[in-house]
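*Asks:* For the sequence shown, full-length UniProt numbering begins at 1 and goes up steadily by one.
For each residue, glycine too, the CB sits at the ideal point set by N, CA and C.
Here it is: the structure, laid out below.
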Amino acid sequence: MSNNTFPDDVSGVVLRRMKEGGFDFARVHPIEFYAIFPDEERARMAARNFRGESLRTEVSARDDGAWHLQVSKVMYATYAGIDNFEHDLESVVLPLGGVLDGWGVTQEAAHSGL
C-alpha cells in the first residue's frame with residue numbers, strides 16, 4: 001500500500017487530517033466550497049455558473065451583511081480535484097468581487113447539529 005503524501009498547504013493539511021481520521025477516500029462525497037460576496041446579486045450570479053448533476057448551490061445572508069455562497073460538488077476527495085475546482089470557482093468569484101472562503105466535507109457519522 002502506498003503512502004499518500006499531501007502538499008504542505010491548507011488543503012494538504014486538511015486532507016492529511018481526514019486520512020488520519022479514517023475518512024473513506026474510496027467513495028465520492030459532497031465537498032462544500034465556500035465564497036463570500038458583498039451583495040446577494042453577485043452571489044447569485046456566481047451560483048448560476050455552477051449547475052449540473054453533481055453540483056448544488058446555496059446562497060445565504062451572513063450576520064455581517066455580506067452574502068455566503070456554498071457550492072457542493074459530489075466528487076472524490078483528491079488534492080488535485082479539490083485544487084482544480086477551487087481554481088474554477090475562483091475564476092468566477094474574483095471578477096464578481098467575491099473571495100474564496102475554503103472548503104470542507106461533512107462526514108455523516110461525525111456530523112452534529114449546531
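Would you please state the rounded distance, in angstroms, between the beta carbons of Leu-96 and Met-45? I believe it to be under 8 Å.
*Replies:* Counting from 1 along the sequence shown, the entry for residue 96 is found at position 96. Counting from 1 along the sequence shown, the entry for residue 45 is found at position 45. At roughly 6 Å, the Cβ-Cβ gap stays under 8 Å, so Leu-96 and Met-45 are in contact.
*Asks:* Quick check on the DSSP output: what are the complete alpha helix (DSSP H) runs of length 4 or more inside the UniProt domain "Regulator of ribonuclease activity B" (10 to 105), in order along the chain?
*Replies:* Whole alpha helix (DSSP H) segments, 4+ residues: 10 to 20, 40 to 47, 79 to 93.
*Asks:* For Phe-50 versus Val-28, is the C-beta spacing smaller than 8 Å?
*Replies:* Along the sequence shown, read from residue 1 onward, the residue named residue 50 stands at position 50. Along the sequence shown, read from residue 1 onward, the residue named residue 28 stands at position 28. It is not a contact, given that the beta carbons lie outside the stated cut-off.
*Asks:* What number of angstroms, rounded off, separates the C-alpha of Glu-32 from the C-alpha of Val-105?
*Replies:* Locating residue 32 in the sequence shown gives position 32, where the first residue counts as 1. Locating residue 105 in the sequence shown gives position 105, where the first residue counts as 1. So the alpha carbons of these two residues sit roughly 6 Å apart.
*Asks:* For Val-59 versus Ala-43, is the C-beta spacing smaller than 8 Å?
*Replies:* For the purposes of this step, residue 59 is taken as the residue at position 59 of the sequence shown. For the purposes of this step, residue 43 is taken as the residue at position 43 of the sequence shown. In this structure, Ala-43 lies closer than 8 Å to Val-59 by Cβ.
*Asks:* Enumerate in chain order the residues of its own chain whose CB-to-CB distance from Ala-47 is below 7 Å, with the five nearest sequence positions on each side excluded.
*Replies:* On the sequence shown, position 47 is the one that residue 47 refers to. The residues are Thr-57, Val-59, Leu-69.
*Asks:* For Val-93 and Asp-83, I'd like the C-alpha separation in whole angstroms.
*Replies:* Here residue 93 refers to the residue found at position 93 of the sequence shown. Here residue 83 refers to the residue found at position 83 of the sequence shown. Going from the Cα of Val-93 to the Cα of Asp-83 covers about 15 Å.
*Asks:* Compute the Euclidean distance between the alpha carbons of Glu-53 and Tyr-76, then round it to the nearest angstrom.
*Replies:* As a first step, residue 53 must be located in the sequence shown, where it is residue number 53. As a first step, residue 76 must be located in the sequence shown, where it is residue number 76. Computed Cα separation, rounded: 15 Å.
*Asks:* At a cut-off of 7 Å, would you count Arg-42 as near the ligand MN, judging by its Cβ distance to the nearest heavy atom?
*Replies:* You won't find the ligand MN in this model; it holds no ligand whatsoever.
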